[in-house]
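Student: Residue numbers (the numbering used here): 7 to 299. Beta carbons are placed, not taken as given, at the ideal position from N, Cα and C, and that holds for glycine. Got a structure for you, written out below as structure tokens; questions coming shortly.
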Amino acid sequence: MEELIRISPGFGGFDFPYDKAEVVFLGIPLDVTSSYRAGYRFAPAKIREASANLETYLPEFGLDVFETLNITDMGDVVPTPTDMESTGERIKKFVSRIVKDGKFPILLGGEHTLTYFSIQAFDDLFLIHLDAHRDLRDEYLGDRVCHATVARRVLDLLEADRLIQVGIRSCSKEEAEYAKTKKIKSFSSAELQASIARIVSEVKQTVASHPVYLTIDLDVLDPAFAPAVATPEPGGLTVSELFTFIRELRDLNLVGCDIVEFVPPYDNGNTAFVAAKTAYHVLGVLSLKKATT
Ligand SMILES: [Mn+2]
């Protein structure tokens with residue numbers, strides 16, 4: 007079977023030859039374990055469509071990402087819907103290839119479960135997890151590897167002090183107790199809204215110069231801004247708060263990123279653009295890092 011489908015045009019229409027690219031987009035249309043809304047499989051295509059209708063010049067950064075970075079899009083990894091394990095191996099394989107080639111992967115999800123497989127391509131990792139939910143259940147509806155357990159599965163791979171949860175405003179009593187026992191560093195959306203600078207400074211102290219992977223569950227945003235997520239949670243961040251937080255991560259040793267949980271069938275058009283613009287913001291950060299090294 008085909009393991010990867012080429013997509014043209016890719017994100018933003020960027021199509022540098024892979025060999026010369028510094029940043030590689032990879033679509034992961036994984037759409038299996040949603041407990042409520044489904045339709046993740048349409049997300050990479052909708053994000054790419056929106057990306058072509060946004061400017062590549064970013065005033066907040068004072069640069070054009072098209073001029074500063076060599077960017078390409080590998081296309082979509084093909085999931086096997088009835089086999090999470092082999093799908094996961096495939097995700098890990100393609101992300102590992104990008105990482106071994108010294109490039110920065112930006113994954114367009116797809117359900118959050120993909121993060122568990124993607125991070126296996128890296129060593130010595132810290133995970134910054136932007137999400138309304140803790141995703142710390144050990145199993146959900148009988149599944150151990152699913153969108154509601156992804157952070158817990160991550161802790162099978164990383165020490166608990168390597169997970170930093172940001173934007174949290176929903177979890178079960180068991181998850182709250184587990185997080186407390188494991189001393190998981192986390193910040194609520196209200197804490198972030200009160201002082202982005204304080205949270206960023208604590209994050210920087212924690213991760214120091216270690217490699218950092220950023221996973222962005224779009225439900226960290228308020229549903230007013232990103233309505234088409236699998237499990238909306240009122241009381242979230244504004245888009246500008248999310249973008250400010252991402253910009254402030256420019257001093258970190260970022261090595262990879264994913265944008266997940268978008269379900270296009272529920273969109274009014276806004277979520278696709280928010281997802282695409284979020285990716286542009288990550289490109290802005292990578293551009294600044296390149297300019298200063
Ligand atoms: Mn979530």
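1) Just curious, the beta strand (DSSP E) that Leu220 is in, first and last residue?
2) What is the residue span of the beta strand (DSSP E) that Asn301 lies within?
3) With a Cβ-Cβ cutoff of 7 Å, do Arg12 and Gly81 count as a contact?
4) Report the partner residues of Thr78 according to the DSSP bridge assignment.
5) Tell me whether Arg158 is buried or exposed, calling it buried when 16 or more other Cβ atoms sit within 10 Å of its Cβ.
6) With DSSP as the reference, identify every bridge partner of Val71, one or two as the case may be.
7) Thinking C-alpha only, which one of Gln199, Arg103, Gly148 and Gln126 is nearest Leu163?
8) Could you give the distance in angstroms between the alpha-carbon of Glu8 and the alpha-carbon of Gln211?
9) DSSP three-state call for Leu136: helix, strand or coil?
10) Just to confirm my understanding: we take Tyr286, look at its own chain, exclude 5 residues before and 5 after, and list those with CB closer than 7 Å. What are they?
11) Excluding the 5 residues flanking Asp144 on each side, which residues of the same chain have their C-beta closer than 6 Å to its C-beta?
12) Helix, strand or coil for Tyr46 per DSSP?
13) With 16 as the cutoff for other CB atoms within 10 Å, does Leu136 come out buried or exposed?
14) Using 10 angstroms around the beta-carbon of Arg140, count the other beta-carbons present and answer buried if the total reaches 16, otherwise exposed.
15) Rounded to whole angstroms, what's the CA-CA distance from Thr62 to Ala196? Just pull it up for me.
16) Under three-state DSSP, which class holds Phe22?
17) Closer than 8 Å by C-beta to Ile174: which residues in its own chain qualify, once you throw out the five before and the five after it? Chain order, please.
18) What span of residues does the alpha helix (DSSP H) with Ser192 cover, start to end?
19) Would the beta-carbon of Thr78 fall within 7 Å of that of Ala27?
20) Would you say Ile190 and Ala214 are within 7 Å of each other, going by their C-beta atoms?
21) Using 8 Å for Cβ pairs, my map puts Glu239 next to His118. What's the rounded Cβ distance?
22) So, at 6 Å on beta carbons, what are the nonlocal neighbours of Ala56 in its own chain, with the 5 sequence-adjacent residues on each side left out?
23) Mind pulling the beta strand (DSSP E) runs of 3 or more residues that sit fully within the segment 139 to 199?
24) Considering Phe110, what are the terminal residues of the beta strand (DSSP E) in which it resides?
25) Going straight from the alpha carbon of Phe128 to that of Ser293, what length do you get?
26) Take Ile202 and list the residues in its own chain whose beta-carbon comes closer than 8 Å to its own, dropping the five residues that flank it on each side.
27) In whole angstroms, what is the alpha-carbon distance linking Gly45 and Asn76?
Tutor: The answer reads as follows:
1) Pro217 to Asp223
2) Residue 301 lies beyond the stretch modelled for the chain, which goes from 7 to 299, so this question has no answer here.
3) yes
4) Val30
5) buried
6) Paired residue(s): none; Val71 is not in a bridge.
7) Gln126
8) 43 Å
9) strand
10) Leu60, Leu64 and Val71
11) Arg158
12) helix
13) buried
14) buried
15) 31 Å
16) coil
17) Asp137, Ala138, His139, Arg140, Ser192, Phe193, Ser194 and Ser195
18) Where Ser192 is concerned, there is no enclosing alpha helix (DSSP H), although the beta strand (DSSP E) it sits in stretches over Lys191 to Ser194.
19) yes
20) no
21) Contact doesn't hold; Cβ gap of about 13 Å is too wide.
22) Ala278, Phe279 and Ala282
23) 169 to 174 and 191 to 194
24) Phe110 to Gly115
25) 22 Å
26) Glu247, Thr250, Phe251 and Glu254
27) 31 Å
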